[in-house]
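In our numbering, the protein residues as written are 5 to 127. For glycine and all other residues, C-beta sits at the position ideal for the given N, C-alpha and C. Only one structure is covered here, and it is reproduced in the block below.
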């Protein structure tokens, strides 16, 4: 577990320990959570959000989660991260299931990105 100097982040990373070795890195006023160098979750204002995509977002919707949204200088931006269900913050087993779902979304995004040509380049 990485030392983050944020009790909530340390708690969440500890709760994820049964699932995998997770590290936390400061970013943009919050924290990114990583497994094997791949970001699958973030913490903003002491709230946990998981990576989502078309393959898992309906599970988050059914659990009553909401998307991570922030205000840029020109507009409101919704990212592909959704809030962790409250019950996951009290159960290592439930946390593991949500982590695995989010990690799967992160892996799919990485695979999709690897299949695209670099910006400004053509195949």
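Can the beta-carbon of residue 69 be found closer than 7 Å to that of residue 89? yes
Once you ignore the five residues that flank residue 80 on each side, which residues in its own chain have a CB closer than 8 Å to its CB? 73, 74
Could you give the C-beta distance for residue 92 and residue 99, rounded to a whole number, given that I count them as a contact under 8 Å? 5 Å
Segments assigned beta strand (DSSP E), at least 3 residues, entirely inside the segment 36-107: Segments of the beta strand (DSSP E) lying fully in the segment 36-107: 42-48, 51-55, 71-75, 80-87.
Assuming residue 26 is part of the alpha helix (DSSP H), what are its boundary residues? Residue 26 -> no alpha helix (DSSP H), and no H or E assigned at all.
Inter-residue spacing [alpha-carbon to alpha-carbon] between residue 111 and residue 9: 28 Å
Would you mind giving the Cβ-Cβ distance between residue 86 and residue 44, rounded to the nearest angstrom? I have them listed as a contact below 8 Å. Your pair residue 86 and residue 44 does not check out as a contact, with CB atoms roughly 12 Å apart and the cut at 8 Å.
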